[in-house]
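Peer 1:
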Amino acid sequence: MKSLILALSFAVMSTGLVAPIEAEAKRMGGGSSSGMQRSTPARTPPPATPAQPGQAA
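1452 is the number of the first residue of the sequence shown in the numbering used here; add one for each residue after it.
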């Protein structure tokens, strides 16, 4: 009976010690790469200029 109580108390204490560490890891980035990260808009090609007759080179 003592070993069961001891095992349960150990499980509760270890969970209580690990949970704040996981919360801090998520708050600090959760394993994403470090450095400045920017989101850039997708590049759009410039509009094609139609060929005008009479201006052949």
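Think of the CB as a built atom: it goes at the ideal place given N, C-alpha and C, for glycine as much as any other residue.
1) Express the C-alpha separation of Thr-1466 and Met-1452 in angstroms, rounding to a whole number.
2) Would you tell me roughly how many angstroms separate the C-alpha atoms of Ala-1470 and Ser-1490, rounded to the nearest one?
3) What does the alpha-carbon distance come out to for the pair Thr-1500 and Met-1487?
4) Consult DSSP for Gly-1471 and reduce its assignment to one of helix, strand or coil.
5) Helix, strand or coil for Thr-1466? Go by DSSP, reduced to three states.
6) Taking the straight line between their C-alpha atoms, what separation do you get for Leu-1455 and Glu-1473?
Peer 2: Taking the structure as given:
1) What you label residue 1452 is simply residue 1 of the sequence shown in a count that begins at 1. What you label residue 1466 is simply residue 15 of the sequence shown in a count that begins at 1. Taking the straight line from one Cα to the other gives about 21 Å.
2) Along the sequence shown, read from residue 1 onward, the residue named residue 1470 stands at position 19. Along the sequence shown, read from residue 1 onward, the residue named residue 1490 stands at position 39. Spanning the two alpha carbons is a distance of roughly 31 Å.
3) Along the sequence shown, one-based indexing puts residue 1500 at 49. Along the sequence shown, one-based indexing puts residue 1487 at 36. C-alpha separation (whole angstroms): 38 Å.
4) Translated into the one-based positions of the sequence shown, residue 1471 becomes position 20. Before going further, note that residue 1471 is Pro rather than Gly in the sequence given. Helix.
5) As a first step, residue 1466 is located in the sequence shown; it is residue number 15 there, counting from the start. Thr-1466 carries a helical assignment under DSSP once its states are collapsed to helix, strand and coil.
6) Numbered from 1 along the sequence shown, position 4 holds the residue referred to as residue 1455. Numbered from 1 along the sequence shown, position 22 holds the residue referred to as residue 1473. Cα-Cα distance, rounded: 27 Å.
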